[in-house]
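Throughout, the numbering used here is defined as the position within the sequence shown, counted from one, plus 70.
We treat Cβ as the ideally placed atom computed from N, Cα and C, and that holds for glycine.
Note that this is a predicted model, so its numbers are computed, not measured.
Data first, discussion second: the structure below is written as C-alpha coordinates.
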Amino acid sequence: MFMKTLRFAAVVISALLFVGVAKCAQRNRPEFIVFTGLCDASAATAIDQHHFLVASDEDSRIRIYREDTPGPPVQVFDLRDFLELDTQHPETDIEAAARVDDIVYWITSHGRNAEGKRRVSRERFFATRILRKGDTFDLVPEGRPCKSLLAAMKTHPHLRKFDLSEAATKAPKDIGGLNIEGLAAMPDGRMLIGFRNPVPESRALIVPLLNPKEVIAGAEPRLGDPILIDLGGLGIRDMVWTDRGCFIIGGPTSGKPQGKVFLWDGVSTTSRQIARLRGHNFNPEAFVLFNSPDTPKALLLSDDGTRRIDGCPCKELKDEGSRQFRAAWVDLDGE
(Lines of atoms letter the chains of each structure in order from A and count residues from 1; the text may use other names and numbers.)
(Lines give C-alpha, C1' and ligand atoms only; values in the text may rest on other atoms or scores of the structure.)
Protein backbone atom coordinates (compact mmCIF):
# COMPACT_ATOMS: atom_id res chain seq x y z
CA MET A 1 0.00 0.00 0.00
CA PHE A 2 1.28 3.39 -0.93
CA MET A 3 1.23 5.73 2.04
CA LYS A 4 2.45 9.28 2.36
CA THR A 5 5.75 8.01 3.75
CA LEU A 6 9.12 9.65 3.47
CA ARG A 7 12.33 9.06 5.32
CA PHE A 8 13.83 12.21 6.68
CA ALA A 9 16.19 13.27 9.40
CA ALA A 10 15.53 16.98 9.74
CA VAL A 11 13.52 19.74 8.16
CA VAL A 12 15.60 22.38 6.42
CA ILE A 13 13.77 25.61 5.73
CA SER A 14 14.53 29.06 4.40
CA ALA A 15 15.95 31.20 7.20
CA LEU A 16 13.77 34.11 6.12
CA LEU A 17 10.68 32.16 7.14
CA PHE A 18 11.75 29.48 9.59
CA VAL A 19 13.87 29.60 12.72
CA GLY A 20 15.67 26.82 14.59
CA VAL A 21 16.54 24.46 11.75
CA ALA A 22 19.64 23.31 9.93
CA LYS A 23 21.08 24.23 6.55
CA CYS A 24 19.06 25.11 3.45
CA ALA A 25 19.59 22.40 0.87
CA GLN A 26 18.51 24.39 -2.17
CA ARG A 27 19.17 28.09 -1.73
CA ASN A 28 18.35 28.97 -5.32
CA ARG A 29 14.62 28.46 -4.79
CA PRO A 30 12.50 31.62 -4.48
CA GLU A 31 11.28 32.60 -1.05
CA PHE A 32 7.66 32.20 -2.13
CA ILE A 33 5.87 30.62 -5.06
CA VAL A 34 2.54 32.22 -5.94
CA PHE A 35 -0.34 30.09 -7.23
CA THR A 36 -3.59 31.62 -8.44
CA GLY A 37 -7.26 30.69 -8.56
CA LEU A 38 -7.95 30.64 -4.82
CA CYS A 39 -6.86 32.36 -1.61
CA ASP A 40 -7.58 29.86 1.15
CA ALA A 41 -5.34 26.86 0.54
CA SER A 42 -6.68 24.77 3.39
CA ALA A 43 -6.09 21.13 2.37
CA ALA A 44 -3.59 19.50 0.03
CA THR A 45 -1.80 16.30 -0.91
CA ALA A 46 0.69 15.23 -3.57
CA ILE A 47 -0.46 12.86 -6.33
CA ASP A 48 2.89 12.32 -8.03
CA GLN A 49 6.37 13.87 -8.00
CA HIS A 50 5.14 17.19 -9.42
CA HIS A 51 1.35 17.52 -9.07
CA PHE A 52 -0.69 18.20 -5.98
CA LEU A 53 -4.35 18.60 -5.11
CA VAL A 54 -5.59 21.67 -3.25
CA ALA A 55 -8.96 22.36 -1.67
CA SER A 56 -10.16 25.74 -0.51
CA ASP A 57 -12.27 26.33 2.58
CA GLU A 58 -14.40 28.68 0.45
CA ASP A 59 -15.79 26.35 -2.24
CA SER A 60 -16.19 22.66 -3.11
CA ARG A 61 -13.77 22.47 -6.00
CA ILE A 62 -10.52 20.54 -6.01
CA ARG A 63 -7.68 22.01 -8.05
CA ILE A 64 -4.54 20.40 -9.41
CA TYR A 65 -1.32 22.41 -9.52
CA ARG A 66 2.23 21.63 -10.65
CA GLU A 67 4.80 22.44 -8.02
CA ASP A 68 7.19 23.81 -10.65
CA THR A 69 4.58 25.95 -12.44
CA PRO A 70 3.40 29.03 -10.53
CA GLY A 71 0.08 30.53 -11.54
CA PRO A 72 -3.30 28.93 -12.25
CA PRO A 73 -4.30 25.31 -11.66
CA VAL A 74 -3.84 22.85 -14.50
CA GLN A 75 -7.20 21.20 -13.77
CA VAL A 76 -10.28 21.91 -11.65
CA PHE A 77 -12.95 19.47 -10.43
CA ASP A 78 -16.33 20.48 -9.03
CA LEU A 79 -17.69 18.24 -6.25
CA ARG A 80 -20.79 20.22 -5.30
CA ASP A 81 -23.29 17.68 -6.64
CA PHE A 82 -21.48 14.75 -5.02
CA LEU A 83 -21.37 16.40 -1.59
CA GLU A 84 -25.14 16.91 -1.40
CA LEU A 85 -24.88 20.45 -0.05
CA ASP A 86 -27.43 22.78 1.44
CA THR A 87 -28.28 25.00 -1.51
CA GLN A 88 -28.79 28.02 0.74
CA HIS A 89 -25.43 27.61 2.48
CA PRO A 90 -23.19 25.46 0.26
CA GLU A 91 -19.75 26.34 1.70
CA THR A 92 -18.14 23.08 2.87
CA ASP A 93 -15.01 24.42 4.59
CA ILE A 94 -12.73 21.57 3.45
CA GLU A 95 -9.78 21.57 5.83
CA ALA A 96 -7.61 18.46 5.40
CA ALA A 97 -6.68 15.63 3.04
CA ALA A 98 -4.91 12.29 3.35
CA ARG A 99 -3.95 9.97 0.48
CA VAL A 100 -3.95 6.17 0.52
CA ASP A 101 -2.92 4.66 -2.84
CA ASP A 102 -5.19 6.30 -5.43
CA ILE A 103 -7.83 7.32 -2.88
CA VAL A 104 -7.76 10.76 -1.24
CA TYR A 105 -9.83 11.24 1.90
CA TRP A 106 -11.07 14.74 2.73
CA ILE A 107 -12.57 16.22 5.86
CA THR A 108 -14.37 19.50 6.49
CA SER A 109 -14.13 21.58 9.65
CA HIS A 110 -17.37 20.22 11.14
CA GLY A 111 -17.60 23.55 12.94
CA ARG A 112 -20.06 26.41 12.75
CA ASN A 113 -19.45 29.44 10.58
CA ALA A 114 -17.65 32.53 11.83
CA GLU A 115 -20.89 33.91 13.28
CA GLY A 116 -21.54 30.71 15.24
CA LYS A 117 -24.37 29.49 13.00
CA ARG A 118 -24.65 25.81 12.14
CA ARG A 119 -24.15 25.02 8.48
CA VAL A 120 -24.69 21.33 7.70
CA SER A 121 -22.64 21.55 4.49
CA ARG A 122 -19.57 21.86 6.74
CA GLU A 123 -20.13 18.36 8.16
CA ARG A 124 -18.62 16.03 5.57
CA PHE A 125 -16.05 13.23 5.42
CA PHE A 126 -15.60 11.99 1.86
CA ALA A 127 -13.20 10.49 -0.67
CA THR A 128 -12.14 10.85 -4.28
CA ARG A 129 -10.23 8.53 -6.58
CA ILE A 130 -7.33 9.73 -8.74
CA LEU A 131 -7.22 8.36 -12.30
CA ARG A 132 -4.23 9.05 -14.53
CA LYS A 133 -5.05 9.77 -18.18
CA GLY A 134 -1.82 10.34 -20.05
CA ASP A 135 -0.60 13.80 -19.09
CA THR A 136 -3.79 14.66 -17.22
CA PHE A 137 -5.82 13.34 -14.33
CA ASP A 138 -9.41 12.61 -13.51
CA LEU A 139 -10.75 12.99 -9.99
CA VAL A 140 -13.92 11.02 -9.42
CA PRO A 141 -16.10 10.65 -6.30
CA GLU A 142 -15.56 7.48 -4.29
CA GLY A 143 -18.43 5.99 -2.32
CA ARG A 144 -20.69 8.48 -0.62
CA PRO A 145 -20.07 11.46 1.69
CA CYS A 146 -20.43 10.79 5.40
CA LYS A 147 -22.59 13.31 7.28
CA SER A 148 -22.67 11.58 10.68
CA LEU A 149 -19.09 11.95 11.93
CA LEU A 150 -19.88 14.85 14.24
CA ALA A 151 -22.84 12.99 15.74
CA ALA A 152 -20.59 9.98 16.39
CA MET A 153 -18.06 12.19 18.16
CA LYS A 154 -20.71 13.83 20.32
CA THR A 155 -21.98 10.47 21.60
CA HIS A 156 -18.73 8.52 21.91
CA PRO A 157 -18.30 7.66 25.61
CA HIS A 158 -14.55 8.37 25.64
CA LEU A 159 -15.06 11.83 24.14
CA ARG A 160 -17.72 13.02 26.58
CA LYS A 161 -15.17 14.67 28.84
CA PHE A 162 -14.36 17.10 26.01
CA ASP A 163 -18.03 18.13 25.72
CA LEU A 164 -17.93 18.34 21.94
CA SER A 165 -21.70 18.89 21.93
CA GLU A 166 -21.13 22.22 23.68
CA ALA A 167 -18.06 23.01 21.54
CA ALA A 168 -20.13 22.48 18.40
CA THR A 169 -22.47 25.31 19.42
CA LYS A 170 -19.69 27.92 19.32
CA ALA A 171 -17.92 29.72 16.52
CA PRO A 172 -14.84 27.71 15.48
CA LYS A 173 -12.29 30.27 16.71
CA ASP A 174 -14.03 30.97 20.02
CA ILE A 175 -12.46 29.56 23.17
CA GLY A 176 -13.64 25.98 23.41
CA GLY A 177 -15.13 25.98 19.90
CA LEU A 178 -14.92 23.08 17.45
CA ASN A 179 -12.72 23.12 14.36
CA ILE A 180 -11.15 20.11 12.61
CA GLU A 181 -8.11 20.90 10.44
CA GLY A 182 -5.94 17.76 10.37
CA LEU A 183 -6.19 14.31 8.79
CA ALA A 184 -3.47 11.68 8.59
CA ALA A 185 -3.55 8.18 7.09
CA MET A 186 -1.98 5.53 9.33
CA PRO A 187 -0.26 2.35 8.08
CA ASP A 188 -2.83 0.20 9.93
CA GLY A 189 -5.76 1.71 8.00
CA ARG A 190 -6.91 4.21 10.63
CA MET A 191 -7.29 7.93 10.04
CA LEU A 192 -6.16 10.40 12.67
CA ILE A 193 -8.44 13.43 12.91
CA GLY A 194 -6.70 16.52 14.28
CA PHE A 195 -8.48 19.39 16.01
CA ARG A 196 -7.41 23.00 15.85
CA ASN A 197 -10.03 23.65 18.50
CA PRO A 198 -10.77 22.71 21.26
CA VAL A 199 -7.36 22.41 22.93
CA PRO A 200 -8.21 20.52 26.15
CA GLU A 201 -5.79 21.16 29.02
CA SER A 202 -3.67 23.13 26.49
CA ARG A 203 -3.01 19.96 24.51
CA ALA A 204 -3.90 19.11 20.92
CA LEU A 205 -6.76 16.66 20.48
CA ILE A 206 -6.60 13.74 18.03
CA VAL A 207 -9.46 11.30 17.45
CA PRO A 208 -8.78 8.07 15.50
CA LEU A 209 -11.32 7.00 12.89
CA LEU A 210 -11.04 3.22 12.81
CA ASN A 211 -12.96 2.41 9.62
CA PRO A 212 -12.53 5.17 7.01
CA LYS A 213 -12.81 2.80 4.05
CA GLU A 214 -16.09 1.40 5.35
CA VAL A 215 -17.44 4.85 6.23
CA ILE A 216 -17.25 6.09 2.65
CA ALA A 217 -19.04 2.87 1.64
CA GLY A 218 -21.94 3.83 3.91
CA ALA A 219 -21.03 2.39 7.33
CA GLU A 220 -21.33 4.39 10.53
CA PRO A 221 -18.05 5.81 11.90
CA ARG A 222 -16.22 3.81 14.57
CA LEU A 223 -13.94 5.93 16.73
CA GLY A 224 -10.95 5.01 18.84
CA ASP A 225 -9.72 6.41 22.12
CA PRO A 226 -8.80 10.10 21.98
CA ILE A 227 -5.17 11.18 22.09
CA LEU A 228 -3.83 14.37 23.67
CA ILE A 229 -0.37 15.59 22.72
CA ASP A 230 1.67 18.55 23.86
CA LEU A 231 2.20 21.13 21.12
CA GLY A 232 2.92 23.95 23.53
CA GLY A 233 -0.72 24.99 23.75
CA LEU A 234 -1.29 25.01 19.99
CA GLY A 235 -3.93 23.21 18.00
CA ILE A 236 -3.43 21.22 14.78
CA ARG A 237 -3.40 23.02 11.41
CA ASP A 238 -2.27 20.02 9.36
CA MET A 239 -0.73 16.61 9.88
CA VAL A 240 0.81 13.86 7.76
CA TRP A 241 2.11 10.43 8.71
CA THR A 242 5.63 9.41 7.65
CA ASP A 243 7.77 6.44 8.61
CA ARG A 244 9.42 8.70 11.19
CA GLY A 245 6.10 9.52 12.84
CA CYS A 246 3.49 12.22 12.43
CA PHE A 247 4.59 15.56 11.05
CA ILE A 248 2.33 18.30 12.44
CA ILE A 249 1.82 22.00 11.82
CA GLY A 250 0.68 23.52 15.09
CA GLY A 251 -1.06 26.87 15.28
CA PRO A 252 -3.25 28.95 17.60
CA THR A 253 -7.00 28.49 17.61
CA SER A 254 -7.34 32.09 16.44
CA GLY A 255 -5.32 35.29 16.26
CA LYS A 256 -2.35 36.36 14.18
CA PRO A 257 -0.76 33.88 11.76
CA GLN A 258 1.99 31.88 13.35
CA GLY A 259 2.90 28.26 13.62
CA LYS A 260 5.40 25.65 14.63
CA VAL A 261 6.39 22.35 13.06
CA PHE A 262 6.45 19.26 15.26
CA LEU A 263 7.34 15.60 14.91
CA TRP A 264 5.26 13.19 17.00
CA ASP A 265 6.08 9.49 17.31
CA GLY A 266 2.43 8.44 17.24
CA VAL A 267 2.63 6.88 20.69
CA SER A 268 3.72 9.32 23.38
CA THR A 269 1.94 12.41 24.65
CA THR A 270 4.88 14.65 23.77
CA SER A 271 6.29 15.92 20.49
CA ARG A 272 9.51 17.45 19.27
CA GLN A 273 9.48 20.95 17.82
CA ILE A 274 11.42 21.06 14.56
CA ALA A 275 10.87 24.62 13.40
CA ARG A 276 9.13 27.87 14.23
CA LEU A 277 7.39 29.71 11.41
CA ARG A 278 7.34 33.47 11.29
CA GLY A 279 7.32 36.51 9.04
CA HIS A 280 5.55 37.90 6.00
CA ASN A 281 2.10 37.14 7.47
CA PHE A 282 2.56 33.62 6.16
CA ASN A 283 -0.32 31.55 7.54
CA PRO A 284 0.73 27.86 7.23
CA GLU A 285 -2.25 25.57 6.88
CA ALA A 286 -1.37 22.72 4.51
CA PHE A 287 1.74 20.68 3.95
CA VAL A 288 2.46 18.70 0.75
CA LEU A 289 5.12 15.99 0.81
CA PHE A 290 6.74 14.94 -2.47
CA ASN A 291 8.69 11.73 -2.86
CA SER A 292 11.31 12.92 -5.32
CA PRO A 293 14.00 10.59 -6.75
CA ASP A 294 16.53 13.32 -6.03
CA THR A 295 15.73 14.85 -2.65
CA PRO A 296 12.55 14.40 -0.60
CA LYS A 297 10.82 17.74 -0.70
CA ALA A 298 7.75 19.41 0.64
CA LEU A 299 5.69 22.49 -0.01
CA LEU A 300 4.09 24.50 2.76
CA LEU A 301 0.92 26.37 1.72
CA SER A 302 -0.43 29.57 3.24
CA ASP A 303 -4.08 30.39 3.82
CA ASP A 304 -4.03 33.89 2.34
CA GLY A 305 -7.73 34.70 2.44
CA THR A 306 -7.25 37.87 4.49
CA ARG A 307 -4.00 38.94 2.83
CA ARG A 308 -4.49 42.27 1.06
CA ILE A 309 -3.92 42.41 -2.69
CA ASP A 310 -4.12 45.88 -4.21
CA GLY A 311 -5.78 47.05 -1.01
CA CYS A 312 -8.47 44.36 -0.96
CA PRO A 313 -8.59 41.15 1.13
CA CYS A 314 -7.86 38.30 -1.25
CA LYS A 315 -11.07 36.38 -0.55
CA GLU A 316 -13.14 39.45 -1.50
CA LEU A 317 -11.67 39.69 -5.00
CA LYS A 318 -14.35 39.00 -7.59
CA ASP A 319 -11.96 37.89 -10.32
CA GLU A 320 -10.87 34.32 -9.56
CA GLY A 321 -7.72 34.80 -11.61
CA SER A 322 -6.63 37.60 -9.26
CA ARG A 323 -6.92 35.41 -6.19
CA GLN A 324 -3.69 33.84 -5.01
CA PHE A 325 -1.97 31.90 -2.28
CA ARG A 326 1.69 31.58 -1.46
CA ALA A 327 3.81 28.49 -0.96
CA ALA A 328 7.26 28.02 0.57
CA TRP A 329 9.61 25.10 0.00
CA VAL A 330 10.75 22.87 2.80
CA ASP A 331 13.80 20.75 2.00
CA LEU A 332 14.19 17.44 3.78
CA ASP A 333 17.52 15.75 4.46
CA GLY A 334 17.23 12.02 3.74
CA GLU A 335 18.93 9.51 5.93
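- Assignment of Glu271 by DSSP, reduced to helix, strand and coil, places it in the helix class.
- Glu193 and Ile263 have their alpha carbons spaced roughly 14 angstroms apart.
- Considered as a whole, the region 118–169 harbours 150–153 as its complete alpha helix (DSSP H) runs of no fewer than 4 residues, in chain order.
- In this model, Phe317 and Asp208 are separated by some 28 angstroms (Cα to Cα).
- When rounded, the separation of the alpha-carbon atoms in Thr225 and Ile250 is 17 angstroms.
- Per DSSP, reduced to three states, the secondary structure at Glu193 is coil, with no helix or strand assignment.
- Annotation: the continuous alpha helix (DSSP H) that includes Val285 extends over Pro282 to Val285.
- When secondary structure is reduced to three states using DSSP, Leu220 falls in the helix class.
- Taken through DSSP and simplified to helix, strand or coil, Phe352 comes out as coil.
- Here Gln158 is exposed. Its C-beta has fewer than 16 other C-beta atoms within 10 Å.
- Annotation for Ala289: Asn281 place their beta carbon closer than 7 angstroms to its own, counting only its chain and skipping 5 residues before and after.
- Contact annotation: the region 382–396 does not touch the region 131–138, with fewer than three C-beta pairs closer than 8 angstroms.
- In this structure, Arg214 is the residue among Ser179, Arg292, Arg214 and Lys187 with its C-alpha nearest to the C-alpha of Ile286.
- It is roughly 23 angstroms from the alpha-carbon of Asp127 to the alpha-carbon of His120.
- Here Val400 is buried. Its C-beta has 16 or more other C-beta atoms within 10 Å.
- Phe360 sits in a strand when the DSSP states are folded into three classes.
- The Cβ-Cβ distance between Gly294 and Pro278 falls below 7 angstroms.
- With a 10 Å radius around the Cβ and a threshold of 16 neighbouring Cβ atoms, His180 comes out buried.
- In the DSSP assignment, Arg378 is bridged to Pro383.
- In this chain, Ala238 is not harboured by any beta strand (DSSP E), its DSSP state being neither H nor E.
- Across the set Met223, Phe352, Gly329 and Gly315, the C-alpha of Met223 shows the shortest separation from the C-alpha of Pro291.
- Note on geometry: alpha-carbon atoms of Glu284 and Arg202 lie some 24 angstroms from one another.
- Minimum Cα-Cα distance from Gly303 among the listed residues Gly320, Gly315 and Thr312 corresponds to Gly320.
- Judged by their CB atoms, Ala167 and Ala113 are nearer to each other than the 7 angstroms cut-off.
- For Asn249, the enclosing beta strand (DSSP E) covers residues Asn249 to Ala255.
- Annotated three-state conformation of Thr178 is strand, per DSSP.
- When rounded, the separation of the alpha-carbon atoms in Pro296 and Val337 is 12 angstroms.
- 7 angstroms or more divides the Cβ of Val358 from the Cβ of Ala197.
- Minimum Cα-Cα distance from Asn353 among the listed residues Ala397, Leu333, Ala368 and Trp334 corresponds to Ala397.
- The C-beta distance from Ser324 to Lys243 rounds to 4 angstroms, short enough to fall under 8 angstroms.
- For Gly329, the closest of His350, Gly315, Thr312 and Asp335 by C-alpha to C-alpha distance is His350.
- For Phe332, the enclosing beta strand (DSSP E) has its first and last residue at Gly329 to Trp334.
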